[in-house]
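According to the numbering used here, the sequence shown is numbered sequentially starting from 431.
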Amino acid sequence: MSDELENIIQMTKDSDPKNRQRAIRILGNTKDDRVIEPLIEALKDENNEVRRQAADALGTIGDERSVMPLIKSLQDPDDFVRGIVTWALGKIKDVRAVDHLIESLNDNDWWVRRNAAEALKLIGGEKAENALTILKKEAEKATKKILIVDDDKFILEYMQINLELDGYKVMEAFDGEEAIQKAIKEKPDLILLDIMMPKVDGWKVCKTLKENPKTKEIPIIIVSAKTQVDDFIRGMDAGAIFYIMKPFSPVQLSDAIQKALSGQS
């Protein structure tokens, strides 16, 4: 096993990134002190996927020697790497990471922010708890309400987490019929509206709300997988202020929301 492990460690320096990834995955499931240093070194690999695998492996192993290298990787240019690193630091639960995780609460990627918050909960302590309390109070102070309408629960959760971390109060509707009812009752400041939904589709929702005096002034952003030019034109004609095509980035969504709420179009 010793020779075999040494061969796998050597493979982490292979010229083929796929071989390096394969080696990192194996090392992440190996209980041996010798795997820590090669995994730490892999955090500096030029390949994004190798760095992701290394961060995941170090989090799974949970060795305190990896804490400082993981903290350095919170500056990684790849969002996915930073997201895994925040998760890994939460698994290790080392107080040295607290200040850096608090900084990550302001990361430009929603998944990094979410994982940083979860990591701080796991690590605990006065400083972590104070940061989470401030984060919660800021969210509670939010005055802008956004109604997300989509029958895809994954998309709903993706947008909800991102928007709540940006300080918005979020409501959800899983179909067009529910969307109309909630829009009339809750009077949100903005609606993010999918098109293809059961019961009542997005086109009908948009038309109904724009014809109702109580809801006609609510800005609507269509967020849809329909990508034809005709769909875009139809959305604008129906009264939407923006049309965002899936898949979209958190930055793209955030920018459109800010413009819509400030009256820009």
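Ideal placement from N, C-alpha and C gives every residue a C-beta, glycine not left out.
Just so it is clear, the structure is predicted and the values come from calculations on it, not from any experiment.
Is the beta carbon of residue j closer than 7 Å to that of residue i?
i      : j      : result
Glu548 : Gly520 : yes
Pro447 : Asn478 : no
Leu593 : Ala690 : no
Gln505 : Gln483 : no
Lys699 : Pro507 : Since the first residue shown for the chain is 431 and the last is 695, residue 699 is missing from the structure and cannot be characterised.
Ala518 : Leu488 : yes
Lys557 : Val511 : no
Glu602 : Ile578 : yes
Pro499 : Ile456 : no
Lys634 : Ala655 : no
State the start and end residues of the unbroken alpha helix (DSSP H) segment that holds residue i.
i      : result
Met498 : 497–502
Leu469 : 466–472
Val528 : 528–534
Ile674 : That residue, Ile674, is in no alpha helix (DSSP H); its beta strand (DSSP E) goes 672–675.
Met666 : 659–668
Phe510 : 509–522
Asn545 : 540–553
Lys637 : 632–641
Can you give the Cα-Cα distance for residue i and residue j, rounded to whole angstroms?
i      : j      : result
Pro649 : Lys583 : 23 Å
Tyr588 : Leu622 : 13 Å
Asp605 : Thr657 : 20 Å
Ala472 : Ile438 : 13 Å
Asp580 : Lys461 : 44 Å
Ile501 : Glu641 : 53 Å
Ala561 : Pro468 : 34 Å
Asp493 : Val659 : 53 Å
Phe662 : Tyr673 : 6 Å
Leu586 : Asp624 : 10 Å
Glu436 : Thr442 : 10 Å
Lys629 : Gln611 : 13 Å
Arg544 : Leu535 : 8 Å
Gln590 : Gln440 : 43 Å
Glu607 : Thr490 : 44 Å
Val525 : Glu533 : 14 Å
Asp667 : Pro643 : 18 Å
Glu568 : Ile687 : 18 Å
Roughly how far, in whole angstroms, is the beta-carbon of residue i from the beta-carbon of residue j, given that I think they are within contact range, below 8 Å?
i      : j      : result
Ile564 : Lys523 : Contact doesn't hold; Cβ gap of about 21 Å is too wide.
Gly458 : Asp486 : 7 Å
Asp539 : Ser684 : So it is not a contact: roughly 11 Å between Cβ atoms.
Thr516 : Val542 : 6 Å
Ala636 : Ala613 : Per the sequence shown, the amino acid found at residue 636 is Cys instead of Ala. Not a contact, Cβ separation roughly 10 Å.
For residue i, which beta-bridge partners are listed by DSSP?
i      : result
Ala603 : Val579
Where does the unbroken beta strand (DSSP E) through residue i begin, and where does it stop?
i      : result
Leu620 : 620–623
Ser654 : 650–654
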